[in-house]
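Student: My structure is below; once you've seen it, I'll send some questions.
Protein chains in written order, with my numbering: chain Z, -11 to 210; chain U, 3 to 330.
Here it is in structure tokens:
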């Protein structure tokens, strides 16, 4: 058993988070009771952050509990829900916020439903490439930024976002899909070089093979 | 001097980050009011407080609040309000996408295509199946009538009568007959459903893309719009791209492997192209795509809508191209 926080741990071979909304399973994840606690299984196939937690050798992937997080490309909110378990907890008693940005209105409606049951999530329907659309929701630099947008030019977008929003010493996570880039072969090398050139410290390059093909999660510190 | 603002208040800082002036949002702090404010900020506009301070300190440079270390943290009540407002704003954005004809058109065009494919598959199945029972019938001649004949009959002999042929001497069980009959009925229904879909596409396209549908016909106009993923993007595409929209496969084959370039994509469906001799099609497609680009720009950017006069001019040019190419 490996514990990331009192809210997230690996039990056996699977990853679990303390369910902040007891009794509710979002996409049919397994729930299990343990005294007064309820654990919800974090499926690494549906969440790249989950897969990274299982494969990472360095610590510091998850944000501090109760901190402010910026999540670009939130999709349907699977990862967001587990992140919320960790950062906010039940009824946001940890007093964290997660600004969840996505451009698709189809994804946004799922995210809105999620935010209604989980205080602390701020859903934003906006284009991650347009910083002015996100700035109104982020008054301060954040200590934790995650980007997963599966678009061409992701690395450049990530660096731009980090420059604007990531606090000094903050953690930046970039989930990169090589198939999204023009040069599929050199995508990961190019990303690594660009990140180092921009002055970020690369903590770990986590290959998600096994859970998510052709994906690498870059863990950097500002 | 720096002018800094977020949704809560605006401040002016001097060079050593001391607060010189402050203006706080004094309005009624409801989620709805904040949602309006956030929408304004998302467009890159200033709040009223920021405007007031900008008038007082015209030489202060606008600075993002992220870059001010001492910018006050949100209080719990403010965080809760922000969440409620952001949900409201996101909900507005989601319902706006329903009023966008582009996304509706995309579903309609795709659905029409899928239903047409389904109809073709079912029809060819029933033609082959029923054809076995009608050995003397010229199947290809009566393709369109077979499903209709079955759906209005109650046994093999009636089908034979309505197609004036003699059915084979086979006994088929009542279950098999009813399966055949209901397949025929579904096929017929699908055909009318496809027509209904197309009527709906016509209705939307004729108001959304009036000039383009006048030039190319509403169904082709809708298809181009859906392939370009929206009227705005279609209006910004160069004519050469419009010409090969829908021929992506051969276009990228051309780029990667140097095969001959495609001369026409969806636009081929237009009778001016598909009914023209092969050697004139490329030139006509090029000209027609250029005209289509102009028409869609008139539609999107609020230009004068096209009339049959402009379409007649284009048709004249088609004639000229055909004549010119035929001489050689």
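For every residue, glycine included, the Cβ atom is placed at its ideal position computed from N, Cα and C.
Being a predicted model, the structure only gives us computed values, none of them experimental.
1) Using CA atoms only, rank isn't needed, just tell me which of U:35, U:16, U:290 is closest to residue 319 of chain U.
2) Once DSSP output is grouped into helix, strand and coil, what is the label at residue 237 of chain Z?
3) Find the residues of chain Z that neighbour residue 108 of chain U, judging by a C-beta separation of less than 9 Å, and give them in chain order.
4) Taking the beta strand (DSSP E) that residue 160 of chain Z belongs to, which residues open and close that run?
5) Do residue 142 of chain Z and residue 164 of chain Z come within 8 Å of each other at the CB atom, strictly closer than that value?
6) Pull up the CB-CB distance for residue 152 of chain Z and residue 119 of chain Z, whole angstroms please, since I reckon it's below 8 Å.
7) Using a Cβ-Cβ cutoff of less than 7 Å, which residues in the same chain neighbour residue 149 of chain U once the five nearest sequence positions on both sides are dropped?
8) Give the DSSP-derived three-state secondary structure of residue 157 of chain U in the structure shown.
9) Give me the DSSP bridge partner(s) of residue 22 of chain Z.
10) Less than 8 Å between CB atoms is the rule here; does residue 140 of chain Z satisfy it with respect to chain U?
11) So what's residue 169 of chain U in DSSP terms, helix, strand or just coil?
12) Is the separation between the beta-carbon of residue 65 of chain Z and that of residue 88 of chain Z shorter than 8 Å?
13) For residue 207 of chain Z and residue 192 of chain Z, which I take to be in contact (beta-carbon distance under 8 Å), what is that distance rounded to the nearest angstrom?
14) Among the residues of its own chain, which have a CB less than 7 Å from the CB of residue 105 of chain U, if the five just before and after it don't count?
15) What separation, rounded to the nearest whole angstrom, lies between the Cα atoms of residue 57 of chain Z and residue 255 of chain U?
16) Report the CB separation of residue 129 of chain Z from residue 149 of chain Z in whole angstroms; it is logged as a contact under 8 Å.
17) Write down the C-beta distance between residue 111 of chain U and residue 217 of chain U rounded to the nearest angstrom, noting that I regard them as a contact closer than 8 Å.
18) By the DSSP assignment, the alpha helix (DSSP H) with residue 33 of chain Z in it spans what residues?
19) Using a beta-carbon distance cut-off of less than 7 Å, what residues from the region 149 to 168 of chain Z approach chain U?
20) Give me the residue from U:55, U:241, U:31 with the minimum Cα distance to residue 25 of chain U.
21) For residue 76 of chain Z, which three-state DSSP category applies?
22) Using C-beta distances below 6 Å, list every residue in its chain close to residue 6 of chain U, excluding the 5 sequence neighbours before and after it, in chain order.
23) Are the C-beta of residue 147 of chain Z and some C-beta of chain U separated by less than 8 Å?
24) Closer than 8 Å is the cut-off here; do at least three beta carbon pairs connect the region 297 to 317 of chain U with the region 275 to 283 of chain U?
25) Name the two residues that bound the continuous alpha helix (DSSP H) containing residue 196 of chain U.
26) Flag this pair as yes or no: are the beta carbons of residue 114 of chain Z and residue 91 of chain Z separated by less than 8 Å?
27) Closer than 8 Å is the cut-off here; do at least three beta carbon pairs connect the region 69 to 85 of chain Z with the region 6 to 13 of chain Z?
28) What is the C-beta distance between residue 52 of chain Z and residue 131 of chain Z, in whole angstroms, given that I count them as a contact (C-beta under 8 Å)?
29) Can you tell me the Cα-Cα spacing of residue 225 of chain U and residue 28 of chain Z, whole angstroms?
30) Mind listing the chain U neighbours of residue 121 of chain Z? Cutoff is C-beta to C-beta under 7 Å, in chain order.
Tutor: Put simply:
1) U:290
2) Outside the modelled stretch of chain Z, which goes from -11 to 210, sits residue 237 of chain Z, for which no answer is possible.
3) Those within 9 Å of residue 108 of chain U in chain Z number zero; the least Cβ separation is about 12 Å.
4) 154 to 165
5) yes
6) 5 Å
7) 125, 128, 186, 189, 190
8) coil
9) Z:25
10) no
11) coil
12) yes
13) 5 Å
14) 99
15) 44 Å
16) In fact, because the Cβ distance is near 11 Å, the residues do not count as touching under 8 Å.
17) In fact, because the Cβ distance is near 18 Å, the residues do not count as touching under 8 Å.
18) From DSSP, residue 33 of chain Z is part of no alpha helix (DSSP H); its letter is neither H nor E.
19) 152, 153
20) U:55
21) coil
22) 13, 65, 67, 70
23) no
24) no
25) 176 to 210
26) yes
27) yes
28) 7 Å
29) 45 Å
30) 44
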